[in-house]
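To start, the structure under review is shown below, and the notes come after it.
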Amino acid sequence: MVLLDLRETSIPTDFFLIAEGENPIHVRAIAEHLIGKLPVAPEHTEGLSDGRWVLLDYGDFVVHLFSREVRAFYDLEGIWPDKIVEGWQPASLPLK
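Next comes the structure, spelled out in structure tokens:
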């Protein structure tokens with residue numbers, strides 16, 4: 215899992231959280247779990263039916279969930295390597 219701090223870019227969001235699943239079924243399951251457990255619903259979702267790249271848009275925070283192959287192909291963290299938040303670890307989230 216990688217967190218990108220994009221506040222000083224022209225991207226219209228503050229953060230990208232990038233993670234991957236083993237396969238499209240796993241990616242969809244992760245997305246559905248997040249949607250069901252986070253206290254706020256995403257403003258927009260894309261890719262849930264396919265499961266290769268799921269985007270959960272929370273406004274200032276966008277979650278990108280990839281299958282391994284798709285993550286390697288698009289390499290979002292490679293586009294902004296200087297924006298990776300070093301040492302970041304996910305904390306416990308306030309769940310519903």
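In the numbering used here, the protein residues as written are 215 to 310.
C-beta atoms are modelled at their ideal positions from N, C-alpha and C, and glycine is treated no differently.
Anyone know if the C-beta pair for residue i and residue j falls short of 7 Å?
i, j, result
"L290", "I232", "yes"
"G265", "V284", "no"
"E257", "G235", "no"
"F230", "H278", "yes"
What are the start and end residues of the alpha helix (DSSP H) that includes residue i?
i, result
"I232", "That residue, I232, is in no alpha helix (DSSP H); its beta strand (DSSP E) goes 229-235."
So, for residue i: in the same chain, excluding its five sequence neighbours on each side, which residues have a beta-carbon less than 6 Å away from its beta-carbon?
i, result
"W294", "L218"
"E260", "L269"
"A243", "none"
"R282", "E234"
Here's a check: name, in chain order, each residue in its chain whose Cβ is nearer than 7 Å to the Cβ of residue i, leaving out the five neighbours to either side.
i, result
"V216", "I232, E291, I298"
"A245", "L262, V268, L270, L279"
"H248", "Here the sequence assigns Leu to residue 248, which means His is not the residue at that position. Hits under 7 Å: L270, V277."
In the DSSP output, which residue or residues are listed as bridge partners for residue i?
i, result
"S281", "G235"
"F287", "DSSP, once it has assigned bridges, lists no residue as partnering F287."
"H258", "D271"
"L217", "L231"
"V299", "Paired residue(s): none; V299 is not in a bridge."
"V276", "F230, D271"
Kindly list the residues whose CB is nearer than 8 Å to the CB of residue i, restricted to its own chain and excluding five residues on each side of it in sequence; keep chain order.
i, result
"L220", "T227, D228, F229, F230, W294, K297"
Open item on the list: Check whether the region 218-229 and the region 251-258 are in contact - that is, three or more C-beta pairs closer than 8 Å.
Closed with: Segments in contact, no.
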